[in-house]
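First comes the structure, then the notes that go with it.
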Amino acid sequence: MAVVTDLLMQYNRSVYKRNVNDAEKNNTLMLRIVILLLMGSFITSAHAARIKDLAGIKGIRSNQLIGYGLIVGLNGTGDKAGIGFTRQALANMMGKMNIFVDQADINVRNVAAVMVTADIPPFARIGDKIDVVVSSLGDASSLKGGNLVVTPLKGVDGNIYALASGAVTLAIPSGANPRDSHLQVARVVNGGSVEQEIPFKLDGKRNLILSLSRPDFTTARRMADTINGSIGEGVAKVIDASAIHLNIPEHMWEENVAEFIADIEMLTVIPDTVAKVVVNEKTGTVVIGSDVTISRVAIAHGDLSVTINDNPDEPELERVMDLPGTSTIGELVRGLNSLGVNPQDLISILQSIKAAGALQAELEIM
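Residue numbers (our numbering): 1035 to 1400.
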């Protein structure tokens, strides 16, 4: 970690330099920091994770709500006169308050029609507060300073599950020019109030499905073995790479299903991962998985020549760097960085190694 700390200090000092050569050095230096941090984490053994962080119970999830509303109190930044649905909605709202006007006569700039969306979490109770997001539907230039009129939020079944209202908040970074910010989407913090609960009964259930966030047969088997070893044999059975069938013990059927789920969530397993390399060509960032290896291969790139050889005694090409066969990608990257290879060249080399079939991993280009 001392090496990483030293590199970070170098990077912080270098950001104040403005010439092109220093910019290239900064990119390479930052890439070295990323690689060293990743490789430092690979030295230690894989860490176990809680099952609650790797999977969830099928059916226990949030639900999306949607509604149509009006934001009032804008400082002349609302919808223009040509937006008919805003005038119609305003006329309808005023009609409910026994104020009848012809929508053709409405010409205000301090009102904006918005789509209101929210997520209602599982087991939400009546009176619970949730955040809502408002998005302009018309041609309002800004929602800043507005107030959302009471708006019913419906589920896909058409039933009303929450009411939303309140002052809107725009996320404008400190010091940012409002003209360069997106002012047509805002949030109402705790602006939604749950009015109807979504029923989901746990007690009485005799089995559940545990769904993995990242489908993997090895991880699923490890989860099932861990659950059976802790709760009891036969409790968990792997269905496929993304699901495990849970048989709830009989003494927990009536009142202790929630405790059964809590006991399982706190168990830990070591998740298995796919060997993968992720490359962001725009930023020159390379993220490498711990299980990535390289088969025997020779690389020539510009003035650089590299040979990865299974047999150290075998004659090799003229080279700058020598790595044994089955070297990890991290070793290759560390060696290339020590030679001053810039991020774009490194990305080209990785792509070529993959095309040659020598990179034993998935290569994802962002």
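No residue lacks a Cβ here, since even glycine has one placed at the ideal position from N, Cα and C.
Spatial neighbours of residue i in its chain, beta-carbon cut-off 6 Å, leaving aside the 5 residues before and after
i: P1155; result: S1096
i: K1271; result: H1279
i: I1273; result: H1279
i: T1317; result: none
i: F1294; result: I1282 and M1286
i: P1249; result: A1275 and S1276
i: S1329; result: A1392
i: V1320; result: V1313
i: V1269; result: I1261, N1262 and N1281
i: Q1230; result: Y1195
i: F1251; result: A1275
i: A1334; result: none
Alpha-carbon spacing of residue i relative to residue j, whole angstroms
i: Y1195; j: K1188; result: 6 Å
i: I1381; j: G1323; result: 15 Å
i: S1176; j: Q1122; result: 20 Å
i: A1198; j: L1182; result: 8 Å
i: A1115; j: L1104; result: 15 Å
i: A1205; j: A1220; result: 7 Å
i: N1141; j: T1203; result: 25 Å
i: Q1098; j: V1190; result: 8 Å
i: A1201; j: V1222; result: 6 Å
i: I1232; j: A1390; result: 54 Å
i: G1266; j: D1297; result: 12 Å
i: A1379; j: T1327; result: According to the sequence as given, residue 1379 is Asp; it is not Ala. For D1379 and T1327, the distance between alpha carbons rounds to 19 Å.
i: T1078; j: L1366; result: Low local confidence applies: a pLDDT of 39 at T1078 is under 50, so the model's placement there is unreliable, with the coordinate-based value given in what follows. So the two alpha carbons sit approximately 19 Å from each other.
i: K1178; j: G1225; result: 16 Å
i: L1370; j: T1307; result: 26 Å
i: A1309; j: L1397; result: 9 Å
i: R1368; j: P1305; result: 26 Å
i: E1315; j: Q1385; result: 11 Å
i: M1127; j: G1192; result: 20 Å
i: N1241; j: I1164; result: 31 Å
i: N1055; j: T1120; result: Below a pLDDT of 50, predicted positions are generally treated as unreliable, and N1055, at 48, falls in that range; no measurement from the model is reported.
i: E1299; j: I1243; result: 13 Å
i: I1383; j: S1170; result: 46 Å
First and last residue of the uninterrupted alpha helix (DSSP H) at residue i
i: A1123; result: G1118 to K1130
i: A1292; result: V1291 to E1299
i: T1252; result: F1251 to S1264
i: D1087; result: I1085 to L1088
Span of the beta strand (DSSP E), counted from its first residue to its last, around residue i
i: P1377; result: That residue, P1377, is in no beta strand (DSSP E); its alpha helix (DSSP H) goes P1377 to A1389.
i: D1153; result: V1145 to I1154
i: E1229; result: Unbroken run through E1229: none, as it is neither H nor E.
i: A1196; result: I1194 to A1201
i: K1310; result: K1310 to N1314
i: G1103; result: N1097 to V1106
i: P1186; result: N1181 to K1188
i: D1165; result: K1163 to S1170
i: H1081; result: Careful: H1081 lies outside any beta strand (DSSP E) and carries neither H nor E.
i: S1245; result: N1241 to L1246
i: N1281; result: A1277 to N1281
i: L1204; result: No beta strand (DSSP E) holds L1204; DSSP gives it neither H nor E.
i: A1270; result: A1270 to D1274
i: V1320; result: T1319 to I1322
i: L1217; result: No beta strand (DSSP E) holds L1217; DSSP gives it neither H nor E.
i: I1399; result: E1396 to I1399
Beta-carbon proximity list for residue i, same chain, < 7 Å, skipping 5 on both sides
i: V1184; result: L1197 and S1199
i: V1106; result: N1144, V1145, G1180, N1181 and V1183
i: G1093; result: F1234
i: G1110; result: R1143 and N1144
i: V1331; result: I1342, I1387, A1390 and A1392
CB of residue i within 7 Å of CB of residue j, strictly
i: D1325; j: E1288; result: no
i: L1246; j: S1227; result: no
i: A1174; j: D1113; result: yes
i: I1117; j: G1172; result: yes
i: V1150; j: V1166; result: yes
i: A1395; j: V1311; result: yes
i: G1129; j: P1186; result: no
i: I1399; j: V1313; result: yes
i: K1239; j: V1168; result: no
i: L1301; j: S1264; result: yes
Proximal residues to residue i (C-beta, below 8 Å), its chain only, five neighbours per side dropped
i: P1303; result: One point to set straight first is that residue 1303 is Val, not Pro, in the sequence displayed. Closer than 8 Å at Cβ, skipping near neighbours: A1082, A1083, I1085, L1088, T1253, R1256, M1257 and T1260.
i: L1124; result: L1104, Q1137, I1140, V1142 and V1145
i: L1108; result: R1143, N1144, V1145, A1146, A1174, S1176, L1177, K1178, G1179 and G1180
Residue i Cβ short of 6 Å to the ligand NAP heavy atom set
i: D1325; result: Looking at this structure, you won't find the ligand NAP or any other ligand, since it has none at all.
7 Å Cβ cutoff, residue i in contact with chain D
i: I1399; result: Although the question refers to chain D, the structure presented lacks it and comprises just one protein chain.
**Asked** Looking at C-beta atoms only, is the number of pairs between the stretch 1158-1171 and the stretch 1130-1140 that lie closer than 8 Å three or more?
**Response** Between the stretch 1158-1171 and the stretch 1130-1140 there are fewer than three inter-stretch CB-CB distances shorter than 8 Å, so the stretches are not counted as touching.
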